[in-house]
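Engineer:
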Amino acid sequence: GAVVSQHPSWVICKSGTSVKIECRSLDFQATTMFWYRQFPKQSLMLMATSNEGSKATYEQGVEKDKFLINHASLTLSTLTVTSAHPEDSSFYICSATMSKSNTEAFFGQGTRLTVV
Amino acid sequence: DAKTTQPTSMDCAEGRAANLPCNHSTISGNEYVYWYRQIHSQGPQYIIHGLKNNETNEMASLIITEDRKSSTLILPHATLRDTAVYYCIVRPHTNAGKSTFGDGTTLTVKP
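If you want it as structure tokens, here you go:
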């Protein structure tokens, strides 16, 4: 099956700093990538949809200036958490689809962000 | 996406079949039933999907009722590694990535 890889798998940063998370499709071109956030003992919540070469579409309540998304190529999307605070500590997960008509979404392994 | 209802948790003995139910009474005609699972601290893993016919693959079987208002995911011989949260999602066939995850069922496979 198609592989989606996230980097890093975990990161600890100081409050006020910015953190970049990468999501790569290793063996296919991803027309669209999706970013989710998951707090402990909760389900995944969609944050934004990222299309290659265009601005991301954010879900209601997600601050676009805080969570910067760049989808510069068909194999890479990045999520930057700017001025991170402890409440941003969470499990961030990306997924990718080959095209809008594809039946499967392939998920990365997730990135555990801890802000201290 | 149509709302789904799943039991919060289930236990299953190792080697036995695990049957995970999902209610989706408001499913639309163009919506498919998808199942994913999430092992602790990992990303979700696709298991299977179907529209109205029963489906089987190397991981599981999916049984959808004739009225499509409910379905059951069957893991035929559960192992300890199948312990995970199982999510039932109903959504249109297109735009696969924008899935709405509910709370899922925590399946615990016991020795």
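Residue numbers (this note's numbering), protein chains in the order written: chain C, 5 to 120; chain G, 699 to 809. Note that the Cβ used here is the ideal one computed from N, Cα and C, for glycine as well.
1) Taking C-beta pairs closer than 7 Å, name the residues in chain C that G:SER707 reaches, listed in chain order.
2) Within a Cβ cutoff of 7 Å, which residues of the same chain sit near C:PRO12, ignoring the five residues on either side of it in sequence?
3) Shorter than 8 Å from the beta carbon of G:ASP780 to some beta carbon of chain C?
4) Are the C-beta of C:ALA100 and some C-beta of chain G separated by less than 8 Å?
5) Quick one: list the residues of chain G neighbouring C:GLN33, beta-carbon separation under 7 Å, in chain order.
6) Leaving out five residues before and five after G:ILE725 in sequence, what residues of the same chain have Cβ atoms less than 8 Å from its Cβ?
7) At the level of alpha carbons, what is the spacing between G:GLN704 and G:ALA716?
8) Tell me the DSSP bridge mates of G:LYS808?
9) What did DSSP end up calling G:ARG766 once you bin it into helix, strand or coil?
10) Measuring CB to CB, does G:PRO790 end up less than 8 Å from G:ASN751?
11) Chain C beta carbons: is any one of them nearer than 8 Å to that of G:GLN740?
12) DSSP on G:PRO742, reduced to helix/strand/coil?
13) Taking DSSP as the reference, what is the three-state secondary structure of G:LEU718?
14) Is the CB of C:LEU80 under 8 Å away from at least one CB in chain G?
Structural biologist: Let me spell this out:
1) Here the premise fails: no neighbours, minimum Cβ distance about 12 Å.
2) Excluding residues within five positions, the ones whose Cβ falls inside 7 Å are THR115.
3) no
4) yes
5) Within chain G, no residue comes near C:GLN33; the closest Cβ sits about 14 Å away, beyond 7 Å.
6) ALA700, VAL731, ARG766, LYS767 and VAL788
7) 14 Å
8) G:ALA711
9) The answer is coil: DSSP assigns G:ARG766 none of H, G, I, E or B.
10) If you check the CB distance, G:PRO790 and G:ASN751 do not come in under 8 Å.
11) yes
12) coil
13) strand
14) For C:LEU80, not one C-beta of chain G is nearer than 8 Å to its own C-beta.
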